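A.B. asks:
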Amino acid sequence: VKSGNNINEVDKEDEVSSPISGDNVVKIGKNEEVFDPEICQSCKQKVEAIRHIADYLKQELAANNFNHIIYITNNINRLFTILNDIKTTQNKRRCNLIWQGSTP
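Per the numbering used here, the very first residue in the sequence shown carries number 444; after that it's consecutive.
Okay, here's the thing in structure tokens:
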């Protein structure tokens, strides 16, 4: 995605080849992940749903509906676990890149 918050665009520079899978064109990106249009559409819908929930929670926060926010966030604790795992992995990756060229 190149243009900020617009999730409807695909990074054309990331495409390497276009093998055909059934009726769909499947592209393989530089990171060697298969780009399936159906999976992409499903992911876009899920990201939009998460954005919608975040916007809703911001509105509830502005209205000081803290109990409602607590109830909702308690039911989506797995999402927070995933976000924490992503952050931890990104930090490890950053440290590995720094340590890679160093000598003990």
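Note that CB positions come from ideal geometry on N, CA and C, so glycine has one too. Computed from a prediction, not measured in an experiment: that's the story for all the values here.
Threshold first: 4 residues or longer. Then list the alpha helix (DSSP H) segments lying entirely within the stretch 477-545, N to C.
C.D. replies: Correct list: 480-505, 509-518, 520-543.
A.B. asks: Less than 7 Å between C-beta atoms, sequence neighbours within five positions excluded: which residues of the same chain meet that for L504?
C.D. replies: Mapped onto the sequence shown, residue 504 falls at position 61. I512, listed in sequence order.
A.B. asks: Could you check which residue in T531, K489, I515, C486 has the C-alpha nearest to that of Y499?
C.D. replies: Within the sequence shown, residue 499 is the residue found at index 56, counting from 1. Among T531, K489, I515, C486, the Cα nearest to that of Y499 is on I515.
A.B. asks: Compute the minimum distance between the beta carbon of L526 and the heavy atoms of the ligand ADP, and state whether it is under 7 Å.
C.D. replies: Judged by which ligands are present, the structure shown has none, so any question about the ligand ADP falls away.
A.B. asks: Roughly how many angstroms separate the alpha carbons of I482 and T532, rounded to a whole number?
C.D. replies: Residue 482 sits at position 39 when you count from the first residue of the sequence shown. Residue 532 sits at position 89 when you count from the first residue of the sequence shown. Going by the C-alpha atoms only, they are around 23 Å apart.
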